[in-house]
Structures are given as structure tokens and as C-alpha cells.
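Chemist:
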Amino acid sequence: MKVLYVGQYSPGTTSKMRGDKIFGILNAEIFDVIDIHIPFYNTNRLWRSLGFRYNKGPLIGNVNRYVLSKFKKINYDLIWVDKGIFLNEKVIQMFRDYTTKMVHFTPDPAFTYNKSALFNQTLSYYDFLVTTKSYELDFYYKHVDPSKIIYTTQGFDKEIHKKSESDFKSKKGLVFIGRHEKEREIVIRKLLEDEIPVTLAGTKWETFANSHKTNPYLNYLGKGVYGDDYVKQFQNAHIGWGAISKWFPELHTTRTFEIPACGTALLTERNKETTSFFDDSEAIFYDNETDLLEKINFYLNNEKKLELIASRGYEKVHQAGYDYESILRKVLKTVMA
1295 MKVLYVGQYS
1305 PGTTSKMRGD
1315 KIFGILNAEI
1325 FDVIDIHIPF
1335 YNTNRLWRSL
1345 GFRYNKGPLI
1355 GNVNRYVLSK
1365 FKKINYDLIW
1375 VDKGIFLNEK
1385 VIQMFRDYTT
1395 KMVHFTPDPA
1405 FTYNKSALFN
1415 QTLSYYDFLV
1425 TTKSYELDFY
1435 YKHVDPSKII
1445 YTTQGFDKEI
1455 HKKSESDFKS
1465 KKGLVFIGRH
1475 EKEREIVIRK
1485 LLEDEIPVTL
1495 AGTKWETFAN
1505 SHKTNPYLNY
1515 LGKGVYGDDY
1525 VKQFQNAHIG
1535 WGAISKWFPE
1545 LHTTRTFEIP
1555 ACGTALLTER
1565 NKETTSFFDD
1575 SEAIFYDNET
1585 DLLEKINFYL
1595 NNEKKLELIA
1605 SRGYEKVHQA
1615 GYDYESILRK
1625 VLKTVMA
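Per our numbering, the very first residue in the sequence shown carries number 1295; after that it's consecutive.
Shown next as C-alpha cells:
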């Protein structure tokens, strides 16, 4: 089997995680990769921002010229495009001419946010479009035959998101990794006031962190943590807050599965998707801010119950197949049928 994978292929990216899993599942004789992160990071930061926001400028030209230069023009059994928001119609048409199966995958919003005119122009070329956003299904259905749409959940990587070998008693406090939002700041501030240790990382937290830099209960790690350090932060906490953004209508994220996979108790809002993944013995659900704060205080003072939830959550994400390999096996079974 000959496969071409086109997407971000930098270490630590979920796109590379997917690519590596696809290679392993299909056991492809030829598995070519065109890493669009190479032209992306070789483009000036200002042009990157312009290209990401408006699909215009030097970034778009750089990415498409790079892809054209790396494409081998051999017949592939499968071409998998991951987050193809920068690829123009010329490139996608070329791909189409050299394969009988072409798939687009994105874990991001495609119509409501992060809109890409280039992606919209090329939708019809794909045999299958895979999305993790249930709230965007109707948008997809308006553009292409519903039989081409595959909905799947977010997931985790078994080889990366693992439990620590340390004892549960060595864990401490709560960890939150994600961008700043007003509602999130209110919660973090109240936890610090209650003298609960908080590990925090993410964009737009600088002002908050500076105003609390002398607080011994705040461990601020900057704009982001990645790779092994990202996993370690979840492993070291009693509770991982899998907050759902108020900016998007999404109902779960990758951290919904990554946190329990790291052997840590998942704290998340109660909604129709999170409650379809876990029950009350496998995650800590909250209905509002007051409930959230009460649950955190209760479980941090009841370590045995907290450890049991963490253990059951860990078992659930593995047994129910929320890891990338299991998810992609199901997708590929449909795609290659």
C-alpha cells in the first residue's frame, strides 16, 4: 500500500500523532510525508498571522509551492490531508489525479471559527471528511453528501499520555492548561484564595500571573508546555481541569481524554457529550461555578475517593477506545472499505 500524509509533522503535534498511527495501522509499503510546518515556520511571523487569519499573503504561496515541490506524482492508495486550510485548489486537484481515496481530517472548527475559503473551495474533491465537532455536522451536510462525513471524538495517544509510576499520594492540587478566559480566571483566583495549589499554563495569562507572582500556591509555567513536560503536569496533579471554552459551542476537547489517560481525575462540565463518555464514578462533573469549587474542595479532602475516580477514568478511556489508534482504526475501516 502507498500512502501520502500531508499535514503538520512537528514532534508533539496531534497531527504527527495521527500520521504515525496511520502508518502503523496500514503497515504501508510506502508512507510519504509532506510536512507543511516546514514552509509555515520558514515564513515571517507577520505573514504567518495574515495567512492563518485570512488565507492570503506569502504564507499561502509558500505552503503550496512547497507541497508541489515535494509531491512525487506517483499513484497512491490513500492521500490523507490533515488540517488542509492552506492548500489551494490546484494542489488538491493534483492530489485527486493521483489517488482513488482522499481524506481530510481536522480536529478544529472548519465553518464556525478558523474559517478557510481555500478549504471550502476544495471540499468536493475529498472522498471523506472527518470532523470532531458535532456542532458543525449540519454545515458539512450543506456542502457535501452526508455519506462522506465521518464524525469521531477527540482522543489521546497511549504512547505519550500515560500514568506516572509515582504513588497517587505524591500528586498535588489542580492543573489547568489552556488559554485565558474570564470565567476561568474567576475559578483560578478563588482556588488560590482557598490556598489550593494550582499549576497553570496557557496564552493570555500573563497579567493574571504577574498579579499573583508572590502567591506560593500558583505555579505558572508560561504560555504553554509541550511534549513530556505537558504530560508530566497532568501526572503530577490530583485533578486536571478539562474546561470547555465559552468561545466555542464545543462539548469536549482532547484534554477530556488526555487527563484521565495520565492517571489524573478529570474535572469537566456536565453536558451531553462528556456524560456519554464517562459516568459519575469516572469523572468529576460540575453544573456551575459554585458546584465546581465545591467539588474541588470535597475531593481534595477525600483522597481515596479521588484516587478511585482517577483509576476508573483511566480504565474507561482505554477500554472504550478513546485512544488515537482505536479511533483511526474505525475511521480507516470506513475509508478503505
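We put the CB at the ideal spot given by N, CA and C, even for glycine.
Being a predicted model, the structure only gives us computed values, none of them experimental.
Among 1489, 1522, 1480, 1332, whose alpha-carbon lies nearest the alpha-carbon of residue 1502?
Modeler: 1480
Chemist: Cβ atoms of residue 1470 and residue 1454: under 9 Å apart, would you say?
Modeler: no
Chemist: I'd like the list of long-range same chain contacts for residue 1462, defined as Cβ closer than 6 Å, with 5 residues on each side in sequence excluded.
Modeler: 1601
Chemist: Could you check if residue 1324 is buried or exposed, using at least 16 other CB atoms within 10 Å of its CB as the buried criterion?
Modeler: exposed
Chemist: Which class does residue 1374 belong to by DSSP, given the choice of helix, strand or coil?
Modeler: strand
Chemist: Using a Cβ-Cβ cutoff of less than 7 Å, which residues in the same chain neighbour residue 1388 once the five nearest sequence positions on both sides are dropped?
Modeler: 1365
Chemist: What's the gap between the Cα of residue 1371 and the Cα of residue 1630?
Modeler: 9 Å
Chemist: Exposed or buried, what is residue 1570 when buried is set at 16 or more other beta-carbons lying within 10 Å of its beta-carbon?
Modeler: Exposed, by the Cβ-count rule.
Chemist: Distance check for residue 1530 and residue 1608, CA to CA, integer angstroms please.
Modeler: 15 Å
Chemist: Pick out the complete alpha helix (DSSP H) segments inside the region 1387-1445, 4 residues or longer, and give them in chain order.
Modeler: DSSP runs (the alpha helix (DSSP H)) wholly in the region 1387-1445: 1411-1416, 1431-1437.
Chemist: Taking just the CA atoms, how far does residue 1423 sit from residue 1535?
Modeler: 30 Å
Chemist: My output table needs one value for residue 1475: the three-state DSSP class, helix, strand or coil.
Modeler: coil
Chemist: Looking at the structure shown, is residue 1351 part of a helix, part of a strand, or coil, going by DSSP?
Modeler: coil
Chemist: Tell me the DSSP secondary structure of residue 1341 in three-state form.
Modeler: helix
Chemist: To which residues of the same chain is residue 1434 closer than 7 Å at the C-beta, ignoring the five residues directly before and after it?
Modeler: 1423, 1425, 1443
Chemist: Name the residue from 1376, 1392, 1553, 1456 whose alpha carbon lies nearest to the alpha carbon of residue 1401.
Modeler: 1376
Chemist: For the pair the region 1554-1562 and the region 1571-1582, tell me if three or more CB-CB distances fall below 8 Å.
Modeler: Yes: at least three Cβ pairs fall under 8 Å.
Chemist: Where are the beta strand (DSSP E) runs, 3 residues long or more, that stay fully inside the region 1483-1521, in chain order?
Modeler: 1492-1495, 1512-1514
Chemist: Note the first and the last residue of the continuous alpha helix (DSSP H) segment covering residue 1314.
Modeler: Note, residue 1314: alpha helix (DSSP H), 1308-1320.
Chemist: By the 10 Å Cβ neighbour count, where 16 or more other Cβ atoms means buried, how is residue 1591 classified, buried or exposed?
Modeler: exposed
Chemist: Would you call residue 1541 buried or exposed, if buried means 16 or more other Cβ atoms sit within 10 Å of its Cβ?
Modeler: exposed
Chemist: Nearest to residue 1603 by alpha carbon, out of 1329, 1558, 1420, 1447?
Modeler: 1558
Chemist: From what residue to what residue does the alpha helix (DSSP H) around residue 1334 run?
Modeler: 1331-1335
Chemist: Quick check on DSSP: helix, strand or coil for residue 1548?
Modeler: coil
Chemist: Take the Cβ of residue 1521 as the centre, count every other Cβ of all protein chains shown within 10 Å, and call the residue buried at 16 or more, exposed below.
Modeler: exposed
Chemist: On a CA-only basis, which of 1567, 1527, 1526 is nearest residue 1545? Give me that one, please.
Modeler: Taking residue 1545 as reference, the option from 1567, 1527, 1526 with the minimal CA-CA separation is 1567.
Chemist: Should residue 1460 be labelled buried (16 or more other beta-carbon atoms within 10 Å of its own) or exposed?
Modeler: exposed
Chemist: Give the single residue among 1361, 1588, 1338 whose Cα lies nearest to the Cα of residue 1352.
Modeler: Scanning 1361, 1588, 1338 for the CA closest to the CA of residue 1352 turns up 1338.
Chemist: Kindly list the residues whose CB is nearer than 6 Å to the CB of residue 1417, restricted to its own chain and excluding five residues on each side of it in sequence; keep chain order.
Modeler: 1437, 1438
Chemist: What span of residues does the alpha helix (DSSP H) with residue 1456 cover, start to end?
Modeler: Looking at the DSSP string, residue 1456 is not in any alpha helix (DSSP H), and its letter there is neither H nor E.
Chemist: Inspect the CB distances between the region 1394-1411 and the region 1508-1527 and report whether three or more fall short of 8 Å.
Modeler: Judged by Cβ distances under 8 Å, the region 1394-1411 makes no contact with the region 1508-1527, as fewer than three pairs qualify.
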